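Reading through the structure tokens given below for one structure.
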Amino acid sequence: MYRRTDSFTSISQFKVKTLCLSIWLMLAHSFVQSQDSSMGLTIDGVILNPTQGPLRIGIALPFHASGIKQNVLSDAMLDYYLGMKLAFHELEAEGLTANVSVFDTEPTDSVPLNQLAIKLISANRNFIDNNIIIGPVYEQNFKDLIYSPSGSWLNAVGNQPNLSVVNPNNLTIKTPIINPQLWISPLTYIKPKSQKGLTTGPFPNINFFINDTLRYKSVAKNVVRMFPKHRICLIIDAGKSSKPKALIYKASMAKSTSKLITIHTMKDGVLTPALPKRDSLLLVTCSDDVAIRTPLEKLLEKRQQCWLIADLSWFEDKRYYSGLNDEICIYPTVNFTDFHDTATLHFSKKFFATYGTEPSRFAFIGYDQGAYVGLSAMAFGPNFVSSLPDATYEGLINSIHIRGGGSAPYNDGIRFVVIYEDTPHLFSQ
């Protein structure tokens with residue numbers, strides 16, 4: 561059986577051509593209104609609040625549905641959407657009622673046509689009137705949607721559109737429409753326009769994905785918390801990006817531990833300076849160079865009391881080190897899932913039963929974010945970010961803890977997930 565990998569992989573031309581049809585099949589159990597990509601596809605729901613109507617959620621992602629060329633994003637975006645859709649449908653039994661519209665921000669191979677699609681989406685009332693918008697992925701698309709001259713929310717601060725509401729005394733009152741109440745960046749850190757630390761747009765914004773500096777600091781904090789008695793050795797390569805990353809780690813870790821933290825450069829299979837001759841070492845790789853994997857494998861085979869924490873970028877392949885015990889390799893990232901966990905196993909089986917394929921990490925991310933958004937909106941309404949308690953939502957592979965940043969709230973809830981060397985195929989056909 562074909563199993564999707566946990567990375568951005570190129571999809572076949574046939575799969576790209578049939579992506580639009582796949583979206584229709586995914587929505588078969590719901591009433592789907594036939595519209596073009598700028599109009600969106602609609603999933604029906606029932607009333608969440610009789611006075612307000614169903615929660616309106618817009619998902620704007622680069623599905624590349626009408627493209628011919630291979631596109632590395634489409635498969636991942638489809639999985640993300642499927643995971644989120646599954647979370648919303650599960651929450652229907654808990655009382656969530658929402659109309660979810662899906663918009664393709666990159667429908668073709670043509671850049672001018674895709675830019676036109678963005679303009680059409682930004683002018684579409686089906687998009688503008690959503691309470692919550694999730695996406696897009698690219699920062700420029702995000703800015704284009706917000707600041708497009710055709711987007712009617714541009715005048716939200718001054719010349720706002722009005723909604724006529726009849727109160728119990730039969731008096732018509734004009735109230736301003738301010739949508740969306742919440743705009744979420746699911747997979748990219750977006751810094752909104754702000755003044756003196758306050759967002760100036762007509763909506764708040766949540767970054768589910770934090771920028772690299774914040775992510776490194778979060779990882780560093782968790783490393784020290786999990787291994788307070790270990791000496792920490794940061795492994796870098798000779799590249800330009802490796803050492804700056806290690807310096808961020810070292811500075812952050814030094815604030816939380818009195819243990820010595822050293823930086824070691826791997827070049828031609830040799831670490832300089834050499835590792836200290838003692839056990840209970842914690843190795844943190846600050847390198848994306850695949851070439852250092854083999855010498856690290858050999859080193860760890862000899863040093864059984866060394867722990868390896870491999871720092872991976874957001875969209876990279878799963879990297880494991882052969883010949884090691886499961887417990888030795890720990891990855892501080894939300895990208896991957898533990899297939900030995902009962903909750904993730906249950907999700908994988910349900911995902912397979914629903915869609916006929918095993919979930920990639922993007923399906924897990926979409927599911928966790930969808931459950932978080934749905935539960936939060938049920939409890940506190942569409943603009944739930946201002947009412948959330950200081951708590952962490954523990955999803956299948958994501959820990960979501962929203963903190964207020966200088967320009968926008970962001971998630972600092974990254975947690976550790978153990979990666980097993982041979983992730984089994986859970987299903988067969």
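When we follow my numbering, the leftmost residue of the sequence shown carries the number 561, and every step to the right adds one. All residues carry an ideal CB built from backbone N, CA and C; glycine is no exception. Bear in mind the structure is a predicted one, so any value in this text is a computation, not a measurement.
Asked	Found
If you reduce the DSSP assignment to three classes, tell me which class F663 lands in.	strand
Give the list of continuous beta strand (DSSP E) stretches no shorter than 3 residues that lie fully inside the region 613-691.	615-621 and 658-664
Would a C-beta distance cut-off of 8 Å place M637 and Y927 closer than the cut-off?	no
From S801 to E652, what distance separates their C-alpha atoms?	46 Å
DSSP three-state call for Y749: helix, strand or coil?	coil
Would you identify the three-state DSSP class for E918, choosing helix, strand or coil?	coil
Can you give the beta carbon distance from A780 to M826, rounded, assuming they're within the 8 Å contact cut?	Not a contact, Cβ separation roughly 20 Å.
Assess, as a yes-or-no matter, whether the region 912-930 is touched by the region 949-961 under the definition of 3 or more beta carbon pairs within less than 8 Å.	yes
Have a look at K858, W743, I750 and P788 and flag the residue whose alpha-carbon is nearest the alpha-carbon of N943.	W743
So, with DSSP's three-state summary, where would you put Y932?	helix
Enumerate in chain order the residues of its own chain whose CB-to-CB distance from K777 is below 8 Å, with the five nearest sequence positions on each side excluded.	I808 and S812
Whole-angstrom Cβ separation of P622 and L633, contact assumed at under 8 Å?	5 Å
In whole angstroms, give me the CA-to-CA distance for G829 and R838.	20 Å
With distances taken Cα to Cα, identify the nearest neighbour of N631 among P667, A658 and G655.	P667
On a CA-only basis, which of S670, I706 and Q675 is nearest F687? Give me that one, please.	I706
Could you please give me the residues that DSSP links to C793 through a beta bridge?	T822 and L843
If you run the structure through DSSP and keep just helix, strand and coil, what is Y698?	coil
Restricting to Cα atoms, I'd like to know which of Q929, G930, A931 and P969 is closest to S947.	P969
For V697 and I821, I'd like the C-alpha separation in whole angstroms.	36 Å
Mind reading off the beta-carbon distance from D669 to G627? Whole number of angstroms is fine, and I expect it under 8 Å.	5 Å
Give me whichever residues DSSP pairs with E861 in a beta bridge.	Note: E861 sits in no beta bridge, so no partner.
Taking all protein chains shown into account, do 16 or more other C-beta atoms lie within 10 angstroms of the C-beta of T897, making it buried, or fewer, making it exposed?	Residue confidence for T897 is low, a pLDDT of 48 falling below 50, so the modelled location carries little weight; the figure read from the coordinates is stated next. Buried.
Could you pull the start and end residues of the alpha helix (DSSP H) that L831 belongs to?	Not the alpha helix (DSSP H): L831 falls in the beta strand (DSSP E), residues V830 to T832.
Relative to the alpha-carbon of I694, which residue among N684, K803 and V660 has its alpha-carbon at the smallest distance?	V660
Please state whether DSSP places R963 in a helix, a strand or coil.	strand
Just curious, the alpha helix (DSSP H) that A851 is in, first and last residue?	Counting along the chain, A851 falls outside any alpha helix (DSSP H), and DSSP gives it neither H nor E.
Should T952 be labelled buried (16 or more other beta-carbon atoms within 10 Å of its own) or exposed?	exposed
Can you list, in chain order, the residues of its chain whose CB lies under 6 Å from that of G618, leaving out five sequence neighbours each side?	S661, F687, N690 and I693
Do L656 and G934 have their C-beta atoms within less than 8 Å of each other?	yes
Exposed or buried, which one is Q700 when buried takes at least 16 other CB atoms within 10 Å?	exposed
I need the straight-line Cα distance from P919 to A798, nearest angstrom please.	36 Å
By the DSSP assignment, the alpha helix (DSSP H) with A811 in it spans what residues?	S802 to A814
How big is the Cα-Cα spacing for E654 and K629?	41 Å
Let me know the secondary structure DSSP gives Y943 once reduced to three states.	Checking the sequence, you will find Asn at residue 943 rather than Tyr. N943: coil per DSSP, three-state reduction.
Using a Cβ-Cβ cutoff of less than 7 Å, which residues in the same chain neighbour T832 once the five nearest sequence positions on both sides are dropped?	H824 and T825
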